[in-house]
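J.:
In my numbering, the protein residues as written are 378 to 754.
This is how it looks when you write it as structure tokens:
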């Protein structure tokens with residue numbers, strides 16, 4: 378599985394160009410053949426001194442060459458026109474697919490909480506080489522509950538939401554790990570009231586054990602009439618605990634709101650079971666990957682990290698920094714993709730450099746490019 382761009386099967390080659398030298402040679406050979414034939418058919422042996430002979434030697438090849446060249450030019454023109462039409466169609470298809478791949482979700486804000494209080498500011502200040510591999514699972518302090526972090530989340534969004542119309546509906550989707558899943562409606566409701574957020578909201582809660590990035594991918598193709606607040610509740614985890622959230626909307630709805638508060642954009646994610654095919658398609662259709670300067674590894678082993686680095690190097694993509702989530706926040710689960718995505722969204726607000734999030738889920742490779750906000754947004 379990768380992007381469904383079809384391969385071009387019936388390729389059309391450009392028509393063979395007309396070579397002037399070959400046609401001159403053809404004309405000379407035709408003159409020689411005509412001269413020999415006329416000489417053989419001439420009634421006497423004085424044909425060399427007769428002007429009619431030479432007129433025939435030149436006139437007949439000229440007429441024949443003119444007819445042949447005219448037919449050749451006509452056929453060449455038809456072939457060239459057919460090729461140009463095919464080429465325009467292919468360029469149009471390529472352009473449409475690139476626009477499809479470059480579709481983005483506008484990130485209005487991001488949020489994360491981890492037990493060791495790591496931050497992107499600290500990552501920028503400390504050399505990645507100084508970060509020690511944790512090799513264990515971190516947990517939150519027992520004195521804090523999900524309600525506390527829900528309040529932190531919603532209070533952090535209050536400033537951004539104050540710039541959005543009060544009638545705008547916020548769809549809150551909480552994805553909870555199996556260990557974290559519990560009734561949280563009251564916690565969200567109380568935190569929402571405490572933060573004094575004026576927009577109405579709808580709450581959806583699902584238990585997930587994998588990335589579920591397909592739900593994120595659906596937002597690119599389904600026009601939304603509301604903001605999307607995606608919350609990952611990994612408060613209790615088989616790996617390291619964390620909570621993170623992304624406040625998103627599609628570009629069309631963002632433009633309809635007539636606001637200028639987006640902090641980054643998440644391009645259409647790549648989900649593939651073939652690493653080479655996935656990376657090649659992204660390079661071909663999502664040119665923003667060529668400008669990636671910060672690379673995140675989530676839920677990957679050392680061999681998989683090497684494979685990604687090698688493929689990117691083959692495409693002349695050379696990130697300035699590599700961040701291994703396991704080194705930063707401890708043991709990983711498939712949900713860790715979301716944490717790296719939230720970290721990447723925050724990182725780009727400080728560096729203004731494209732980030733690439735890489736992860737593995739259900740034996741599939743996941744890639745997301747996070748970019749700065751484009752001017753057209």
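Beta carbons are placed, not taken as given, at the ideal position from N, Cα and C, and that holds for glycine.
1. Taking only runs of the beta strand (DSSP E) that begin and end inside the stretch 542–594, which ones reach a length of at least 3 residues, in chain order?
2. Can you tell me which residues form a DSSP beta bridge with residue 698?
3. With which residues is residue 737 paired in a DSSP beta bridge?
4. In terms of DSSP beta bridges, what is residue 597 paired with?
5. Which full runs of the beta strand (DSSP E) of 3+ residues lie inside the stretch 470–533, going along the chain?
6. Label residue 390 either buried or exposed according to how many other C-beta atoms from any shown protein chain fall within 10 Å of its C-beta, with 16 as the threshold for buried.
7. Tell me whether residue 458 is buried or exposed, calling it buried when 16 or more other Cβ atoms sit within 10 Å of its Cβ.
8. Helix, strand or coil: which one does DSSP assign to residue 635?
9. In whole angstroms, what separates the C-alpha of residue 480 from that of residue 597?
10. Give me, in chain order, the residues of the same chain whose beta-carbon lies closer than 7 Å to that of residue 569; leave out the 5 immediate sequence neighbours on both sides.
11. Check whether the stretch 714–729 and the stretch 678–696 touch, using three or more Cβ-Cβ pairs below 8 Å as the test.
12. In angstroms, rounded to a whole number, what distance separates the CA positions of residue 542 and residue 576?
13. Quick check: what's the CA-CA separation for residue 617 versus residue 713?
14. Please name the residue, chosen from 534, 545, 520 and 610, that lies closest to residue 562 on a Cα-to-Cα basis.
15. Can you tell me whether DSSP reads residue 401 as helix, strand or coil?
16. Measuring only the C-alpha atoms, how far is residue 641 from residue 746?
17. What does DSSP give as the partner residues of residue 665 in its beta bridges?
18. If you compare alpha carbons, which of 580, 525, 627 and 647 is closest to residue 741?
19. Apart from the five residues on each side of it in sequence, which residues of its chain come closer than 8 Å, Cβ to Cβ, to residue 711?
T.: According to the structure data:
1. 547–553 and 578–584
2. Beta-bridge pairing links residue 698 to 671.
3. Answer is 742.
4. Partner(s): none; residue 597 has no beta bridge.
5. 481–490
6. So residue 390 ends up on the exposed side.
7. exposed
8. coil
9. 7 Å
10. 531 and 578
11. no
12. 8 Å
13. 9 Å
14. 610
15. helix
16. 10 Å
17. None; residue 665 has no bridge partner.
18. 647
19. 586, 587, 588, 676, 736, 737, 738 and 739
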